[in-house]
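The working numbering puts the sequence shown at residues 129 to 268.
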Amino acid sequence: MELARIASRRTTCNRRQVGCVVERAHRLVCTGYNGSPSGAPHCTDAGCRREGLESGDRLDLCRAVHAEANAVAQAARHGVSLDGCTAHVTCQPCAGCARLLAQAGIVRIVWGEGYPAPDAIAVLEESGYAVGDHEARKIV
């Protein structure tokens, strides 16, 4: 989780610093942090489109790509399978990232702080994960 915290320091989001590290058998596979897509203005420069909204509200307005999505994209870009991997995320994944991690074949998701997204827990459970305190494990 410490590596995910270090990755989170690279964020270009004004609201929340999130980092994600994906590993297989304790070996680093890929990392990600929340930030604008390549070539797009950074929120730290252009401002936040969700200014004044509650955490978790209107995520569709956000210009940033979430840390989990950036990690999955990095693996895809380099032709690396995430099947059977564990994702360590500094913050509980949102519903969209929960779906993405499940679809990528991640079998365990560990997170640090919580996030106001009870729908994400439902997504994980419906996708075959047993969800505990700060962790979800794929039921085989």
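We treat Cβ as the ideally placed atom computed from N, Cα and C, and that holds for glycine.
Got a sec? Which residues, its chain only, sit under 6 Å from H262 by beta carbon, not counting five neighbours each side?
Working through the sequence shown from its first residue, we reach residue 262 at position 134. Cβ within range, chain order: W239.
On the CB-based measure, 16 or more other CB atoms within 10 Å of its CB, does T214 come out buried or exposed?
Position 86 of the sequence shown, counting from 1, holds the residue named residue 214. Buried, since its Cβ has 16 or more Cβ neighbours within 10 Å.
T159 and A199 look like a contact to me (Cβ under 8 Å); what is the Cβ gap, rounded to whole Å?
The sequence position of residue 159 within the sequence shown is 31, counting from 1. The sequence position of residue 199 within the sequence shown is 71, counting from 1. Yes, T159 and A199 are in contact; Cβ-Cβ is about 6 Å, under 8 Å.
For R143 and E182, the rounded distance between their alpha carbons
Numbered from 1 along the sequence shown, position 54 holds the residue referred to as residue 182. Numbered from 1 along the sequence shown, position 15 holds the residue referred to as residue 143. Approximately 10 Å, taken between the alpha carbons.
Under a three-way DSSP split, which group does I267 fall into?
The residue you call residue 267 lines up with position 139 of the sequence shown. Reduced to three states, the DSSP call for I267 is coil.
Contact the region 208 to 222 vs the region 169 to 182: 3+ CB pairs below 8 Å:
no
From Y243 to G207, what distance separates their C-alpha atoms?
Residue numbering aside, residue 243 sits at position 115 when the sequence shown is read from its first letter. Residue numbering aside, residue 207 sits at position 79 when the sequence shown is read from its first letter. When rounded, the distance between both Cα atoms is 30 Å.
According to DSSP, is G324 helix, strand or coil?
Missing from the structure shown is residue 324; the chain here goes from 129 to 268 and no further.
Span of the beta strand (DSSP E), counted from its first residue to its last, around C158
One-based indexing of the sequence shown puts residue 158 at position 30. Residues 155 to 161.
Could you please give the first and the last residue of the uninterrupted alpha helix (DSSP H) stretch that includes A168?
Along the sequence shown, one-based indexing puts residue 168 at 40. Note, A168: premise wrong, no alpha helix (DSSP H); not H, not E.
Neighbourhood of V146 by C-beta, 6 Å cutoff - its chain only, sequence neighbours within 5 removed:
As a position in the sequence shown, residue 146 is number 18, starting the count at 1. Here the set comprises S136, N162, A195, T218, C219.
Residue of A226, L156, V251, C141 minimising C-alpha distance to P169:
The count along the sequence shown starts at 1 and reaches residue 169 at position 41. The shortest C-alpha separation from P169 is found at C141.
How would you label T172, buried or exposed, when you count the other beta carbons within 10 angstroms and need 16 or more for buried?
Stepping through the sequence shown from its first residue, residue 172 is reached at position 44. Answer is exposed; the Cβ neighbour count stays below 16.
How should V268 be labelled, buried or exposed, when 16 other C-beta atoms within 10 angstroms of its C-beta is the threshold for buried?
As a working note, residue 268 is residue 140 in the sequence shown. Per the 10 Å Cβ criterion, exposed.
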